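Everything below concerns the one structure shown next.
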Amino acid sequence: MPSYIVCAAISATHAKCLVSAKNKAREQGGTIGHEYSLIKGFQVTFPDDVVNTLDQDENVKAVEADGEVSTQAAQLRPAPAIFPLPRKHADMKCIVRPLRLPNCPRAFSQLRVSSARSLSSSARHHHLQHQQHGDRQGVKDEVPWLAKQPLHPLSLADLVRHGRPPLSAEALLSSARFTLSLLPIRLAHRIQALRNLPYIVVSNPNISKIYNNYQHSLSTLLPWQGRTISNLDDEIRFTEVLAELVQTHTDTIPILARGFLECRKYISAAEVTRFLDEHLRARIGTRLVAEQHIALHFSSTPHFDPGASPTPCPEHPNYIGVIDTALRPAATVDSCGGFVADICELNYGVRPQWVVDGEPDTTFAFVPMHLEYIVTELLKNAFRATVENGMSREPIVITIAPEPPNMSTQKRETVRLDPPTEPRGAFSADAIAPLDDSAPGVTIRIRDRGGGIGPDVLPHIWGYSFTTFGDDAADDVPGAWNDDALSVISAASGSGSGATSGGSGVGSSSIAGLGYGLPLSRAYAEYFGGGIAVQSLYGWGTDVYLRLKGVGKIE
Numbered sequence: 001m002p003s004y005i006v007c008a009a010i011s012a013t014h015a016k017c018l019v020s021a022k023n024k025a026r027e028q029g030g031t032i033g034h035e036y037s038l039i040k041g042f043q044v045t046f047p048d049d050v051v052n053t054l055d056q057d058e059n060v061k062a063v064e065a066d067g068e069v070s071t072q073a074a075q076l077r078p079a080p081a082i083f084p085l086p087r088k089h090a091d092m093k094c095i096v097r098p099l100r101l102p103n104c105p106r107a108f109s110q111l112r113v114s115s116a117r118s119l120s121s122s123a124r125h126h127h128l129q130h131q132q133h134g135d136r137q138g139v140k141d142e143v144p145w146l147a148k149q150p151l152h153p154l155s156l157a158d159l160v161r162h163g164r165p166p167l168s169a170e171a172l173l174s175s176a177r178f179t180l181s182l183l184p185i186r187l188a189h190r191i192q193a194l195r196n197l198p199y200i201v202v203s204n205p206n207i208s209k210i211y212n213n214y215q216h217s218l219s220t221l222l223p224w225q226g227r228t229i230s231n232l233d234d235e236i237r238f239t240e241v242l243a244e245l246v247q248t249h250t251d252t253i254p255i256l257a258r259g260f261l262e263c264r265k266y267i268s269a270a271e272v273t274r275f276l277d278e279h280l281r282a283r284i285g286t287r288l289v290a291e292q293h294i295a296l297h298f299s300s301t302p303h304f305d306p307g308a309s310p311t312p313c314p315e316h317p318n319y320i321g322v323i324d325t326a327l328r329p330a331a332t333v334d335s336c337g338g339f340v341a342d343i344c345e346l347n348y349g350v351r352p353q354w355v356v357d358g359e360p361d362t363t364f365a366f367v368p369m370h371l372e373y374i375v376t377e378l379l380k381n382a383f384r385a386t387v388e389n390g391m392s393r394e395p396i397v398i399t400i401a402p403e404p405p406n407m408s409t410q411k412r413e414t415v416r417l418d419p420p421t422e423p424r425g426a427f428s429a430d431a432i433a434p435l436d437d438s439a440p441g442v443t444i445r446i447r448d449r450g451g452g453i454g455p456d457v458l459p460h461i462w463g464y465s466f467t468t469f470g471d472d473a474a475d476d477v478p479g480a481w482n483d484d485a486l487s488v489i490s491a492a493s494g495s496g497s498g499a500t501s502g503g504s505g506v507g508s509s510s511i512a513g514l515g516y517g518l519p520l521s522r523a524y525a526e527y528f529g530g531g532i533a534v535q536s537l538y539g540w541g542t543d544v545y546l547r548l549k550g551v552g553k554i555e
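Structure follows, in structure tokens:
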């Protein structure tokens with residue numbers, strides 16, 4: 001028997017509305033079950049052959065299928081979505097249609113609706129809303145099946161294997177097919193993970209917005225499933241879809257941060273950390289795959305126009321898409337150091353100094369956007385601690401140390417980018433093995449005299465939303481989101497980094513953030529086999545070791 005959650009209308013006579021709604025449910029043959037004090041509603045079960053009209057009652061705010069509750073009760077309004085029927089079903093007098101609720105993840109309830117029943121004006125209004133928000137109405141929900149497919153472990157070598165720009169038409173089509181083989185599965189895994197969050201968490205409008213964005217992005221890619229991108233016209237249209245996907249998810253990290261901050265009373269910190277660790281790592285790969293193909297598209301022979309690329313696509317021989325094969329960490333440190341020093345001077349009136357030693361001429365293959373974000377966050381912590389500890393005259397020392405090549409694997413560290421000889425028209429993700437994972441990288445040590453990290457704070461530094469800025473900043477959500485750190489997060493999660501496109505945060509009220517800097521930096525570092533380690537000498541200072549693995553030598 002179908003069971004529903006009924007939310008009473010919010011009014012001055014809320015209790016009377018609840019009683020009236022119950023009576024209406026009983027009159028239509030329903031059996032009242034559990035009552036919910038939080039959402040001011042109740043559970044009701046109807047016999048299989050009963051069609052209820054509770055959603056039309058003035059005392060009812062929303063009706064949703066039990067077990068599929070995933071949005072704010074105040075926003076729930078049933079809107080039957082009428083889909084075109086295949087001819088073989090045209091003679092059916094009664095059909096089962098999915099009911100999509102506005103702004104509602106996982107909101108697919110099965111209602112028996114007469115084919116002759118017309119939509120109310122309210123339902124038509126919400127139906128139009130779905131179309132405006134890009135809801136994939138009429139598209140079969142393939143998320144459960146796609147979410148069961150294994151994720152391809154992405155490596156930097158996968159992203160450069162199609163060759164150096166400008167790519168030929170054949171290599172560009174190969175890149176497009178590789179991208180298409182990865183993205184739908186990755187998006188489906190994230191949608192499934194969001195569906196598994198507790199109801200009260202997904203009720204948050206910010207987290208619900210992220211879910212809807214993923215739904216929309218998957219709906220734009222599903223029509224390409226089962227197709228082979230075999231000509232440049234298809235590739236152009238597919239690249240346009242990727243550009244929209246990248247733009248849609250530009251602000252995912254700050255929106256998620258805001259959502260989980262607002263829900264911190266309803267979900268444990270450990271569960272938030274587990275979800276965000278998985279989600280942000282998956283997002284790094286998904287976004288990187290899409291941005292890489294977009295950059296390769298605009299740097300290919302058929303479409304060469306780096307200036308038109310919506311993602312970084314420098315017209316430089318060192319770049320393969322968004323990957324710099326000769327990235328110089330010392331230059332990145334100086335660029336990020338200048339950016340953070342400007343913020344520090346604005347907020348504290350003091351401009352800390354820094355020194356780069358070791359081997360500053362070291363280069364390796366990596367994603368500049370990722371390195372810029374990581375270094376910006378680590379320098380922000382070091383600069384702030386140094387100033388607040390009264391040691392601003394002591395420079396922050398950044399040591400760059402390339403890892404020596406492993407002689408036993410020296411031959412395997414060369415990644416050749418010769419054009420593929422085998423046909424690429426039908427390859428799948430599981431047929432592509434990542435290249436050398438033992439390539440040497442670079443270790444960067446950032447040493448400050450900021451007094452170290454207190455023993456009561458040290459165990460919590462890797463938790464999301466943990467901040468040393470104080471509880472007032474976390475509680476004052478609207479003001480806190482103007483903070484510099486979150487501006488940098490937003491910039492790094494989009495098309496730039498904190499050092500290059502986070503300038504909007506320079507005029508903010510504080511250098512401290514809301515606790516996403518270190519764990520998100522670690523996620524970026526660990527994605528390609530690196531990591532971050534923190535050594536604190538309390539009362540003196542802190543050493544942070546950033547280890548990054550590149551793709552080895554590229555020919």
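So the sequence shown is numbered by full-length UniProt numbering: it starts at 1 and just counts up by one.
No residue lacks a Cβ here, since even glycine has one placed at the ideal position from N, Cα and C.
If you're wondering where the values come from, they're calculated on a predicted model, not measured in any experiment.
Which residues bound the alpha helix (DSSP H) around residue 338?
Note, residue 338: alpha helix (DSSP H), 329-348.
Test item: CB-CB of residue 396 and residue 524 under 8 Å:
No; because the gap between Cβ atoms is not below 8 Å, this pair is not in contact.
Run the CB neighbour count on residue 213, radius 10 Å, all protein chains shown included, and call it buried at 16 or more, exposed below.
Looking at its Cβ environment, which holds 16 or more other Cβ atoms inside 10 Å, residue 213 is buried.
Would residue 245 and residue 268 qualify as a contact pair, given that the criterion is a beta-carbon distance under 8 Å?
Residue 268 sits away from residue 245, with the two beta carbons spaced by 8 Å or more.
From residue 169 to residue 304, what distance separates their C-alpha atoms?
Roughly 11 Å between the two C-alpha positions.
Just to confirm my understanding: we take residue 371, look at its own chain, exclude 5 residues before and 5 after, and list those with CB closer than 6 Å. What are they?
Cβ within range, chain order: 332.
Would you call the region 224-233 and the region 269-281 in contact, with 3 or more CB pairs under 8 Å?
Flag = no, the region 224-233 and the region 269-281 do not touch.
Nearest to residue 203 (by Cα), restricted to the options 266, 349, 526 and 254:
Nearest C-alpha to residue 203: 266.
Are the CB atoms of residue 182 and residue 564 within a distance shorter than 8 Å?
No statement about residue 564 is possible, as the shown extent of the chain runs from 1 to 555 and does not include it.
Return yes when the Cβ of residue 376 is within less than 8 Å of the Cβ of residue 350, no when it is not.
Contact flag unset, no.
Contact belief for residue 293 with residue 239 at Cβ below 8 Å, rounded distance in angstroms
The Cβ separation is near 7 Å, so the contact holds.
Express the C-alpha separation of residue 460 and residue 291 in angstroms, rounding to a whole number.
Their backbone Cα atoms lie some 33 Å apart in a straight line.
Best match in 352, 361, 6 and 171 for proximity to residue 302 [C-alpha to C-alpha]:
Considering only alpha carbons, the answer is 171.
Strand pairing of residue 43, partner residues [DSSP]
Looking at the DSSP assignment, residue 43 forms a beta bridge with 5.
Which runs of the alpha helix (DSSP H) at least 4 residues long sit entirely within the region 168-219? Give them in chain order.
If we require 4 residues or more, the alpha helix (DSSP H) runs fully inside the region 168-219 come out as 169-195 and 199-202.
Within 10 Å of its beta-carbon, does residue 63 have 16 or more other beta-carbons around it, so buried, or fewer, so exposed?
Looking at its Cβ environment, which holds 16 or more other Cβ atoms inside 10 Å, residue 63 is buried.
With a threshold of 8 Å, are at least 3 pairs of Cβ atoms found where one atom belongs to the region 191-211 and the other to the region 151-165?
The region 191-211, when compared against the region 151-165, does not touch it at the 8 Å Cβ threshold.
In this structure, how does DSSP classify residue 387 when only helix, strand and coil are distinguished?
Taken through DSSP and simplified to helix, strand or coil, residue 387 comes out as helix.
Integer-rounded CB distance, given that residue 59 should sit under 8 Å from residue 25:
Rounded to whole angstroms, the Cβ separation of residue 25 and residue 59 is 10 Å, and the two are not in contact under 8 Å.
Length of the line joining the Cα atoms of residue 537 and residue 384
Annotation: residue 537 to residue 384 spans about 17 Å, alpha carbon to alpha carbon.
Going by the DSSP bridge assignment, what does residue 366 pair with across the sheet?
The partner list for residue 366 (beta bridge, DSSP) reads 324.
Could you spell out where the alpha helix (DSSP H) holding residue 536 opens and where it closes?
In the DSSP assignment, residue 536 falls outside any alpha helix (DSSP H) and lies within the beta strand (DSSP E) extending over 531-537.
The beta strand (DSSP E) enclosing residue 546, as first and last residue numbers:
Run containing residue 546: 541-549, per the beta strand (DSSP E) assignment.
Starting from residue 519, trace the beta strand (DSSP E) in both directions and tell me its first and last residue.
Where residue 519 is concerned, there is no enclosing beta strand (DSSP E), although the alpha helix (DSSP H) it sits in stretches over 517-527.
To the nearest whole angstrom, what separates the beta carbons of residue 6 and residue 54, a pair I think is in contact under 8 Å?
Distance from residue 6 to residue 54 at the Cβ level is roughly 6 Å; contact confirmed, criterion being Cβ atoms closer than 8 Å.
With a 10 Å radius around its C-beta and 16 neighbouring C-beta atoms as the bar for buried, classify residue 287 as buried or exposed.
Result: buried.
Is the beta carbon of residue 2 closer than 8 Å to that of residue 29?
No, the pair does not count as a contact, with Cβ atoms beyond the cut-off.
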